[in-house]
Amino acid sequence: MGKGLGRKDYEALLEPMQEELVSMARWADATGARILVLFEGRDTAGKGGAIHAILEHLNTRQCRTVALPAPSARERGEWYFQRYVPHLPAAGEVVLFDRSWYNRAGVEKVMGYATEPQVEAFLRQAPVFEKLLTDDGILLFKYWLTCDQEEQEERLRERLDDPLKRWKLSPVDLAAREKYKDYTKAREHMLDATHTRHAPWTLVDFNDQKHGRLTLIRDLLDRLPDTRCDPPELEMMPLDGKPKTEKFGALEPIKPFPLP
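In case it helps, my numbering puts the sequence shown at residues -11 to 248.
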């Protein structure tokens, strides 16, 4: 399937994968597995949509997204990785990072928010930090979502023109348009330094976001252990008597929204 995958075809392909994801979550809960997935990529690449496709039918108490804001003054004075540690998965949890500690090697480097010595220190330390995580049993997956500049421009324009998507667009996003090549250079430097045996990177083409989501989810499921886990047997007994109608005493429901 290429660019222009229709919604019906996309949903038909996605649904069985989402069923596998539900089974995966049951497996993680039953085994105590800790699953950590990092999503990185250019602005508008499709990180949020991919995360939504994965989490759409999962229990939000067990499976969650982490999208940290810019660091506070106190956090800027901490060990760089410190603010991310409290959000790592506990036993049975699935955690998806919408951007991660790799901000330092991307936007912070390109936009001048971090010094060159800070970036180089990060690139030396990130593989060591991730080795600690994987040695402790965390299942770590790192995805970079790729997007050509022509496609990025189209998506930025859509965000600018659509009042429902306007909140996604910031002055930083617009300033970054002129630094497409700089982001490419920073990414390649990051991959050279942090693509390791214990925590490899996986690049996914997201010029077609629907196709990209299918590719990413299939790869994630295929790289996990066998996560087939049937739900517990439940029996739904017949009600004792007729179904009840809601009755109200202290308060009444508000008037229904008027339909056309």
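Cβ coordinates follow ideal geometry from the N, Cα and C atoms, glycine included.
Every unbroken stretch of the beta strand (DSSP E) spanning 3 or more residues and falling wholly within the region 77 to 112 is given here in chain order: 82 to 86. Between the alpha carbons of residue 18 and residue 185 lies a distance of about 27 Å. Shown here, residue 39 sits in a helix according to DSSP, grouped into three states. Taken through DSSP and simplified to helix, strand or coil, residue 232 comes out as coil. Under the Cβ criterion (8 Å, minimum of three pairs), the region 178 to 197 counts as touching the region 133 to 143. Under DSSP, residue 28 takes part in a beta bridge, and its partners are 132. Take residue 200, set aside five residues on each side of it, and the residues of its chain with a beta-carbon closer than 8 Å to its own are 34, 38, 133, 192, 193 and 194, in chain order. Where residue 191 is concerned, there is no enclosing alpha helix (DSSP H), although the beta strand (DSSP E) around it starts and stops at 189 to 193. In chain order, 5, 8, 9, 12 and 215 place their CB closer than 8 Å to the CB of residue 209, counting only its own chain and leaving out the 5 sequence neighbours on each side. Boundaries of the alpha helix (DSSP H) harbouring residue 19: -5 to 19, taken from the DSSP string.
In the three-state reduction of the DSSP assignment, residue 52 falls in the strand class, which pools E and B.
The C-alpha of residue 146 is placed about 10 Å away from the C-alpha of residue 140.
Scanning 29, 40 and 246 for the CA closest to the CA of residue 202 turns up 40. Contact check for residue 131 against residue 25 passes: the beta carbons are separated by less than 8 Å. For residue 160, the enclosing alpha helix (DSSP H) stretches over residues 159 to 164. Judged by their CB atoms, residue 42 and residue 77 are not nearer to each other than the 8 Å cut-off.
In the DSSP assignment, residue 205 falls within the alpha helix (DSSP H) that extends over 197 to 211.
Between the beta-carbon of residue 174 and that of residue 100 there is about 12 Å, and that puts the pair past the 8 Å contact cut. When secondary structure is reduced to three states using DSSP, residue 127 falls in the strand class. A Cβ-Cβ distance of about 21 Å is found for the pair residue 86 and residue 122, leaving them out of contact under the 8 Å criterion. Listed as beta-bridge partners of residue 23 by DSSP are 82 and 127. The beta carbon of residue 59 sits closer than 7 Å to those of 71, all from its chain and outside the five residues before and after it, given in chain order. Sixteen is the threshold: since fewer than 16 other Cβ atoms of the shown chains lie within 10 Å of the Cβ of residue 224, the residue is exposed. Judged by DSSP in its simplified three-state form, residue 71 adopts helix.
Here residue 236 is exposed, its C-beta having fewer than 16 other C-beta atoms within 10 Å. Here residue 183 carries a coil assignment [DSSP, helix/strand/coil].
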